[in-house]
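Trainee:
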Amino acid sequence: MSSVQDIEIRDSAARAAQAAEELQDAQGEKMVLNMGPSHPATHGVLRIVLELDGEVITKADPDVGYLHRGDEKIAENMTYTQFIPYTDRLDYLAPLANNVAYALAVEKLLGIHDKLPPRCQYIRVMCAELARISAHLLGLGAFAMDTGAVTVFLLTFTEREKIYNLAEAASGARLTTSYTRIGGLFRDVPPNWCDQVRQFLKEFEVALAEANTLLTRNRIWVDRLRDMGVVSKEMAIDYGFSGPNLRGSGVNYDLRKNQPYLCYKDLDFDIPVGSVGDCYDRYLVRMEEMAQSIRILYQCVDKIPGGGANTTHEPVNIPDGKITLPSKQKVLSSMEELIHQFMLVTEGVNCPPGEIYFGHENPKGELGFYINSRGGGVPYRLKIRAPSFINLSILGELLPGCMISDVPVVLGSLDFVMGESDR
Amino acid sequence: MSALESANQLKAKFGDLISEPAEFRGEISVQLADAGKIFEAALFAKQTLGYDFLVDITSVDNYGEDPRWTLIYHLRSMTANTELRIKTHVGEEKSEVPSVLGVWRSANWHEREIYDMMGIRFSGHPDLRRILMWEGYPYYPLRKDFPLAGKPTDLPNVAFTKPAPLEGGPFVTVPGSGDAIGREPRVRNPEE
Amino acid sequence: MQTQSDYAYDSKIEGDIIVTRVDAALNWFRANSVWPMPMGLACCAIELMAVGASRFDISRFGSEVMRFSPRQADCMIVAGTVTYKMAAVLKRVYDQMPEPKWVIAMGACASTGGMYRSYAVLQGVDNIVPVDLYISGCPPRPEAVLDALMKLQEKISKMPLVQDINIVKTLSGKNQS
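Chains as they are written, first to last, in the numbering used here: chain A, 37 to 459; chain B, 1005 to 1196; chain C, 157 to 333.
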């Protein structure tokens, strides 16, 4: 039984076309890799959907929102003072800075943010700078650990423990301090707090020098960070960067100098600005910012009104019964203070109708609060302008072209925190 | 130039669309009467007035008033170190505003978040999808008629939500309710 | 000094051979090398990192290796707020862990939702995974986390080898009907 078999012999052009198609299939297959929310190098719950061509990333799509807790809706149902603990947990690496930012925003709405007692201003500046050191240390430690340099992590955590001790002495809690109140602070610092700060600064200078020796001129570190994730000046401004990321790209803008608040006008410090805008520049800016913070802190402990132990009994709260809680003895003995206490606790600080925006130089960038008030003690709308949220939007443009092993480097250098990004 | 001068220049360019600049706590804000013109206003602000930095875009829900949505654009000029606020209103039926992504690229995620939280659409946005909640979540959480506890939803294999136990609602004062009894923080039943 | 314990021994008397029960030995191994999988979501993750750092050393309890891969971990420490968006991911990661596994809910947010009573927060991670230990605090002090680890070790050391009596019955042929 014979069977007919069709054999096709194509000409060379057809064969070439067929071969090219097969090659395209083999080469053009891109892998979609999910760098999931539960990942050691994503600094929190960030999900990035990467499209890879071999090792090189062709598309990156960050997916945020895994820590969205509804802070802004909660704020519409809380008085201004009741919202202070929620601000701790925004950038949980530097809670003191968030507290200062929020208190200043509400005080701007009240119109008293430049009328704070000087001692209060100095303590708030010290808190903000300690928070800056703390946040940069952890950012640096986690960044170094993700790229492989594990020693730096333990070094920075030892120094952070000292900052936690200081925060605990001042406010009672290590991490979630809730230290500031509208119109002042929760309480004055203990008498030997400034000496403890001085002691910490002496030890911290040594540790910072040690971290510098370990990393800054380290061959592997420089090779991994140089020319990686370059953000030009125009791109940085266009994408809404702020803080060390913006300064690393060459823009000399720091809210402490350009829109001064508290007592920063009286303090002498420099702003480090990068030149290239790569990861190494951002790292150097952060290291130098910590050195400048040490400088600011030394000046503050020397210049604080009343001295470390407040021997001249300077106030730390605005003496207005409608804003600050009166002292307990007065509340229990005098009618007027009792009424003030009652009104402040049940109805909150009575803010005038209007809207303000206040931006504060947080370690991660510019933390801004937009408060829209219709009178009363509860905001009508509170929007948190989170620097990490805005810094993350550049990932879709920054990551393509890098290799997978560069992703932890870029993420670490951008230094974001998801609690702030997702609110 | 100062913020007041920029506001006046904006008013000179767009005429009746821009209101008189208002000042509160040192901040200048202007109102744009037609939300459809926000792209032109933003482009003018960036190219001519030098407002190259978009600080924030905020949305406010004026529940019970018309127009329901207010969009607030905070602009900053890095070179002159001044800030300006442009406010515009959108009605609930339309709920759509042109996107300013072409002017500042940071508007991308701001607008996605406003779409996610309030439900205002941005025409011309290339990738308008939810950012903080998941795709397929049926509600817009930051609206005033959406309760804080949330509503139950279920999207199989993606996410579910259950209302949080608030035991009668957030115990907070309602400012402006007249007498002290109206203002005290207590359980509020929906009939009140 | 006499210690009453199943697996204490005096090498002068008993030599280099220990006689004990399988339960006791297995539980001793498991308890003293609990490898945590840090599901570090929010602020509690920072305190968890502080527990792992040099001041509150977690490695003296055998738990230094924070394995981020669920396949290599015993105990998932849920540290931080669990949102509904993250819940599905968390359940998937928990399912990938091999038996025996334990869950520690660290902090107020993981235990009950904490101070976030809102539309987006899961009110307690025990809605999706079975929790063995709850640590209260916002965030809990690192000493509290170490105390919880010690309580977990106690719980593990009391774990019977045969946990499901039906397995025994099936194996011994008694549960045929």
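The beta carbon of each residue, even a glycine, is placed where N, CA and C say it ideally should be.
Excluding the five sequence neighbours on either side, which residues of its own chain have a C-beta within less than 6 Å of the C-beta of I1118/B, listed in chain order?
Mentor: Hits under 6 Å: S1063, I1124.
Trainee: With a threshold of 8 Å on Cβ separation, who are the neighbours of F1229/B within its own chain once the five nearest residues in sequence on each side are excluded?
Mentor: Outside the displayed range of chain B (1005 to 1196) lies residue 1229/B, so it cannot be described from this structure.
Trainee: Would you mind sorting P256/C into buried or exposed? The rule is 16 or more other CB atoms within 10 Å of its CB.
Mentor: P256/C is exposed by the Cβ-count criterion.
Trainee: I need the boundaries of the beta strand (DSSP E) containing M232/C, first residue and last residue.
Mentor: 231 to 235
Trainee: Residues of the segment 118 to 141 of chain A in Cβ contact with chain C at a cutoff of 9 Å, in chain order, please.
Mentor: Of all residues in the segment 118 to 141 of chain A, P121, Y122, D124, R125, Y128, L129, P131 have a Cβ within less than 9 Å of some Cβ in chain C.
Trainee: Scan the segment 1109 to 1132 of chain B for residues whose Cβ lies nearer than 7 Å to a Cβ of chain A and list them as they occur along the chain.
Mentor: Going along the segment 1109 to 1132 of chain B in chain order, one finds R1109, S1110, N1112, W1113 with a Cβ nearer than 7 Å to chain A.
Trainee: Am I right that F189/A and G175/A are in contact with their C-beta atoms under 8 Å? What's the rounded C-beta distance?
Mentor: No, F189/A and G175/A are not in contact; Cβ-Cβ is about 11 Å, not under 8 Å.
Trainee: For R1072/B and chain A, any beta-carbon pair shorter than 8 Å?
Mentor: no
Trainee: Any beta carbon of chain A sitting closer than 8 Å to that of F224/C?
Mentor: Answer yes: the Cβ-Cβ gap between F224/C and chain A drops below 8 Å somewhere.
Trainee: Quick check: the segment 89 to 102 of chain A against the segment 114 to 125 of chain A, are at least 3 beta-carbon pairs closer than 8 Å?
Mentor: no
Trainee: Compute the Euclidean distance between the alpha carbons of A1046/B and L431/A, then round it to the nearest angstrom.
Mentor: 25 Å
Trainee: Can you pull the DSSP bridge partners for A96/A?
Mentor: The partner list for A96/A (beta bridge, DSSP) reads L86/A.
Trainee: For R292/A, would you say it is in contact with chain B, using Cβ-to-Cβ distances shorter than 8 Å as the test?
Mentor: no
Trainee: Restricting to runs no shorter than 4 residues, where is the alpha helix (DSSP H) found entirely within the segment 311 to 372 of chain A?
Mentor: Taken in chain order, the complete alpha helix (DSSP H) segments of 4 or more residues contained in the segment 311 to 372 of chain A are 315 to 339, 364 to 369.
Trainee: Within 8 Å of any Cβ in chain A, is that where the Cβ of V1059/B sits?
Mentor: yes
Trainee: Whole angstroms is fine: what's the gap from G208/C's alpha carbon to E397/A's?
Mentor: 30 Å
Trainee: Which residue wins for smallest C-alpha separation from V277/C, given the options P1167/B, I1061/B, S1006/B, E1024/B?
Mentor: Comparing Cα-Cα distances from V277/C to each of P1167/B, I1061/B, S1006/B, E1024/B, the minimum goes to P1167/B.
Trainee: Let's see if you can read the secondary structure: which residues bound the alpha helix (DSSP H) around L126/A?
Mentor: Neither: L126/A is in no alpha helix (DSSP H) and is coded neither H nor E.
Trainee: In the segment 87 to 117 of chain A, which residues sit with their C-beta less than 7 Å from some C-beta in chain C, listed in chain order?
Mentor: G101, Y102, L103, H104, R105, G106, K109, I110
Trainee: What in chain B is Cβ-close to D274/A, meaning under 8 Å?
Mentor: D1056, W1108, R1109, S1110
Trainee: Does the ligand PLP have a heavy atom nearer than 7 Å to the CB of M315/C?
Mentor: Looking for the ligand PLP in the displayed structure turns up nothing, as the structure carries no ligands at all.
Trainee: List the whole-angstrom C-beta distance separating I159/A from M326/A, where the pair is believed to meet the contact cut-off of C-beta under 8 Å.
Mentor: The pair is not a contact, with the Cβ atoms about 20 Å apart (cut-off 8 Å).
Trainee: For the segment 266 to 288 of chain C, enumerate the residues whose C-beta is nearer than 9 Å to any C-beta of chain B, in chain order.
Mentor: Residues G269, Y272, R273, S274, Y275, A276, V277, L278, Q279, N283.
Trainee: Quick check on I1135/B - is its C-beta less than 8 Å from some C-beta in chain A?
Mentor: At least one chain A Cβ lies under 8 Å of I1135/B.
Trainee: Please tell me whether T212/A has its Cβ less than 8 Å away from any Cβ of chain C.
Mentor: yes
Trainee: Rounded to the nearest angstrom, what separates S333/C and D179/C at their Cα positions?
Mentor: With a pLDDT of only 48 at S333/C, under the threshold of 50, the placement of this residue in the model should not be trusted, and no figure is reported.
Trainee: Would the beta-carbon of F1164/B fall within 8 Å of that of P1102/B?
Mentor: no
Trainee: Examine chain A for any beta-carbon lying closer than 8 Å to the beta-carbon of A206/C, and answer yes or no.
Mentor: yes
Trainee: Do we get a CB-CB distance below 8 Å when we pair D1149/B with the residues of chain C?
Mentor: no
Trainee: Would you check if the segment 210 to 219 of chain A and the segment 127 to 147 of chain A touch, i.e. whether three or more CB-CB distances between them fall below 8 Å?
Mentor: In this structure the segment 127 to 147 of chain A lies against the segment 210 to 219 of chain A, because at least three pairs of beta carbons, one per stretch, are closer than 8 Å.
Trainee: Let me check one thing: in DSSP terms, what residues is F1057/B bridge-paired to?
Mentor: R1080/B
Trainee: Are G220/A and V85/A close, meaning C-beta to C-beta below 8 Å?
Mentor: No, the pair does not count as a contact, with Cβ atoms beyond the cut-off.
Trainee: Using 8 Å for Cβ pairs, my map puts D1283/B next to G1095/B. What's the rounded Cβ distance?
Mentor: The displayed coordinates of chain B run from 1005 to 1196. Any statement about residue 1283/B would go beyond what the structure contains.
Trainee: Could you tell me whether the segment 146 to 155 of chain A touches the segment 231 to 241 of chain A, using the rule of 3 or more Cβ pairs below 8 Å?
Mentor: no
Trainee: Would you mind working out which of V267/A, T187/A, M271/A, M323/A sits nearest E241/A, comparing C-alpha positions?
Mentor: M323/A
Trainee: Closer than 8 Å, CB to CB, is F1028/B near chain A or not?
Mentor: yes
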